[in-house]
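Numbering-wise, my numbering comes out as the position in the sequence shown, counting from 1, plus 162. C-beta: ideal position from N, C-alpha, C; glycine also. These numbers come from a predicted model, not from an experiment. Written below as structure tokens is the structure these notes are about.
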Amino acid sequence: MRGALASPAARGRGADTVAGPRPPAALLGQEIRRLPTSRRVVALTFNAAWDESGLDTVLAELRRRKAPATFFPTGMYAEARPAAVRAMAEAGHGLGNHSYSQLYFDDMSTRERSREVRAADAAIRTASGAEPLPFFRFPYSSTTEDSVADVNDLGYAAIEFTNDTNGYLGSGGGMTVNEAVRRAVDSLEPGAVLQLHVGSSTGDGVVLDAEALPRIIDASLEEGHAVVDLREFLTAAP
């Protein structure tokens, strides 16, 4: 899905929102794959839908580097692994919403999408004890104009990504740490949003993104891109 949408007010939709402070206009009306800035910054984001593998490593590296990140857990993940979600929040990182059950939103009704978003929000709040951010990431990054409009109407910006490292595919999917780093570095541009994952999709405990993270941060800094917190973009586009 590409292109701007009509504003919620113009469409006449309700204002029965879930999220907290409404994102600025620059983050609404379309999926966000690059942050609206000319600064050489990059945002690190992590999806969480499987298990806790690699999470401790990722949190330790972010702490060591004093680097912010935003985690996007599913509601089912938050219910099954509340300690993991609480650890993300207690480490000072923002929590977005990755739906409740990680199903495609394309063919859902507005009511079904609302249920998915609301259920995830409730689960993340309960698990973390924190206020989730008004950022939503679509399952499988599959968006439509209507689905983006629906999450905007719930008070969320649709935060997608400039590139995915594809580290979640693992060695069985043909990925290596070197390739994950290369994909991250090749996508660097002002306002780039990188998608990584915590957890092992195969259950083998191997998380290439956790191994790649130190090199991704190093390479970003070497290329002149500072690691930025998505929360900076809640008030206005810097």
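The three-state secondary structure of Leu316, taken from DSSP, is coil. Gly291 carries a coil assignment under DSSP once its states are collapsed to helix, strand and coil. By the Cβ-count criterion, Asp218 is exposed, with fewer than 16 other Cβ atoms from all chains shown falling within 10 Å of its own Cβ.
Taking 3 residues as the minimum length, the beta strand (DSSP E) runs contained wholly in the stretch 211-252 are 232-235, in order along the chain. In the three-state reduction of the DSSP assignment, Asp326 falls in the strand class. Annotation: the continuous beta strand (DSSP E) that includes Leu356 extends over 354-360. Here Arg196 carries a strand assignment [DSSP, helix/strand/coil]. Counting only the Cα atoms, Ser303 lies some 15 Å from Tyr262. In the structure shown, the three-state DSSP call for Thr305 is coil. Inclusion of Phe300 and Ala319 in the CB contact set at 7 Å is not warranted, their separation being larger than that value. Scanning Trp212, Val180, Gly254, Phe234 for the CA closest to the CA of Arg226 turns up Gly254.
When only Cα atoms are considered, Asp268 and Leu316 end up about 17 Å apart.
The beta carbon of Gln264 sits closer than 6 Å to the beta carbons of Ala211, Thr236, Pro301 from its chain, once the five residues preceding and following it are set aside; these are given in chain order. Judged by DSSP in its simplified three-state form, Gly334 adopts helix.
Out of Ser333, Ala311, Leu350, the CA that lies nearest to the CA of Ala187 is found in Ala311.
Within the DSSP bridge table, the entry for Phe208 names Phe233, Leu358 as partners.
When the five nearest sequence neighbours on each side are left out, the beta carbons in the same chain lying within less than 8 Å of the beta carbon of Ala251 are those of Leu257, Ser290, Gly291, Ala292, in order along the chain. In the DSSP assignment, Asn340 is bridged to no other residue. In the three-state reduction of the DSSP assignment, Leu190 falls in the coil class, being assigned neither a helical nor a strand state. Fewer than three beta-carbon pairs drawn from the stretch 266-283 and the stretch 329-337 are found closer than 8 Å, and the two stretches are therefore not classed as touching. Looking from the CA of Leu392, the closest CA among Thr179, Gly191, Val180, Thr199 belongs to Thr199. Non-local C-beta neighbours of Arg202 in its own chain, meaning closer than 6 Å and more than five positions away in sequence, comprise Pro352, Gly386, His387, ordered along the chain.
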